[in-house]
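Written out below as C-alpha cells is the structure these notes cover.
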Amino acid sequence: MAETSYGGGAGGAPAFPNPAAYGAAAAYPHPVVNPLAVVGPQFCAPYPVDLVIVRKLLTLSEGNFGVTDVNGNIMFRVKGKLFSLRDRRILLDAAGNPLLTFQQKILTAHRRWKVFGGDASDDKSLLFSVKKSSLIQFKTKLDVFLASNTKEDVCDFKIEGSWFERSCTVYAGDSSTIVAQMHKKHSVQSVLLGKDTFAVTVYPNVDYAFIVALVVILEEINEDRDGED
Numbered sequence: 286m287a288e289t290s291y292g293g294g295a296g297g298a299p300a301f302p303n304p305a306a307y308g309a310a311a312a313y314p315h316p317v318v319n320p321l322a323v324v325g326p327q328f329c330a331p332y333p334v335d336l337v338i339v340r341k342l343l344t345l346s347e348g349n350f351g352v353t354d355v356n357g358n359i360m361f362r363v364k365g366k367l368f369s370l371r372d373r374r375i376l377l378d379a380a381g382n383p384l385l386t387f388q389q390k391i392l393t394a395h396r397r398w399k400v401f402g403g404d405a406s407d408d409k410s411l412l413f414s415v416k417k418s419s420l421i422q423f424k425t426k427l428d429v430f431l432a433s434n435t436k437e438d439v440c441d442f443k444i445e446g447s448w449f450e451r452s453c454t455v456y457a458g459d460s461s462t463i464v465a466q467m468h469k470k471h472s473v474q475s476v477l478l479g480k481d482t483f484a485v486t487v488y489p490n491v492d493y494a495f496i497v498a499l500v501v502i503l504e505e506i507n508e509d510r511d512g513e514d
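Numbering (the working numbering), first residue to last: 286 to 514.
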C-alpha cells in the first residue's frame, strides 16, 4: 500500500458536496494527498465519491446489501449465508466478481471481523480486521487494523458512530483526519419496502471499496448490539 500523507494539496482541497447535510466543513481540513488503497488503487478517486447503500431487511435470500452511485448504477453487492455457522459475507463488484470476504470470529468478546482478499479466508489473504474498541459502549466505536499492523498498538483507522442516528465517521488512524462519512436516509418509501438506505461520502483519494466494507461490518455489529457482548 502506498505511503499515506496528510495536508493541504496544491490549489486547496476540493469542496465537500452539500456539506450542511453531513455537518462537515465546506473544505477538507486534512485531505488525504496520496491514494489510500486498501482493496486496490482502482477504487481511489481524486474527487469525493458519493454512494448509496441499500439493505434489504425482509429477505431470506443472499444479497442483502446493494451499493450504487448517485445515479443508481450498481457498483457492489454483498451476499452472505443467513444461518451459517460462521458469519460470512462476500463483497462482489458490479460484474459479480468477489472482491472481499468478511468473516466474524466466533466467541470473541470484541466482535472481531476479519476481511480477506477475493473469496479466500486464509491468513495470507488477510487485508484488515475490525473490532469494537471496548466491550461496553454507549456509542459505536470500532478500531480497524491492517494486516501489516500485527502489534495493534494503534489502529490504522477508527469508526465512530451513533447507533440511534445511524450515522458514522471514519478517521485515518487515531487522528481527526476524516476519510468518509455515512448517515441513514429516512423515508416512508424505505419503511414500506422494508429497506434501510444509507448515504456515504468517501473523501478524495480514499479507497471506496474499503469504506463500503467498513459500513457493512458496522451495520452487522449494530444489528448484534442487543446480543450478549
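Think of the CB as a built atom: it goes at the ideal place given N, C-alpha and C, for glycine as much as any other residue.
Predicted, not measured: the structure shown is a model, and the values here were computed from it.
| Check | Outcome |
| --- | --- |
| DSSP three-state assignment for Ser410, whether helix, strand or coil | helix |
| Endpoints, beta strand (DSSP E) assigned at Ala465 | 463-470 |
| For Tyr488, the three-state DSSP class (helix, strand or coil) | coil |
| Of the listed residues Val439, Val334, Met467, nearest to Val415 (C-alpha basis) | Val439 |
| CA-to-CA distance, Ser410 to Phe361, given in whole angstroms | 20 Å |
| Inter-residue Cα distance where the pair is Asp404 and Val318 | 31 Å |
| Between the CA atoms of Leu427 and Gly458 - distance to the nearest angstrom | 11 Å |
| DSSP-derived helix/strand/coil call for Glu437 | coil |
| Cα-Cα separation between Thr482 and Val464, rounded to whole angstroms | 20 Å |
| Cβ neighbours of Tyr493 in the same chain (closer than 6 Å, five flanking residues each side left out) | Phe328, Val334, Val487 |
| Three-way DSSP call (helix, strand, coil) for Gly325 in this model | coil |
| Buried or exposed by the 16-neighbour rule on C-beta atoms within 10 Å, applied to Asn490 | buried |
| Beta carbon of Val485 nearer than 7 Å to that of Leu336 | yes |
| Alpha-carbon spacing of Ile359 relative to Val497, whole angstroms | 13 Å |
| Bounding residues of the alpha helix (DSSP H) (the contiguous stretch that carries Val497) | 493-508 |
| Residues sharing a beta bridge with Ala457, DSSP | Phe442 |
| Nonlocal neighbours in the same chain, by C-beta distance under 6 Å from Ile506, ignoring five residues either side | Arg396 |
| Alpha-carbon spacing of Gly402 relative to Thr386, whole angstroms | 6 Å |
| Alpha carbon of Lys469 to alpha carbon of Asp408, nearest angstrom | 34 Å |
| Under 7 Å between C-beta atoms of Ala380 and Leu412 | no |
| The beta strand (DSSP E) enclosing Arg340, as first and last residue numbers | 334-341 |
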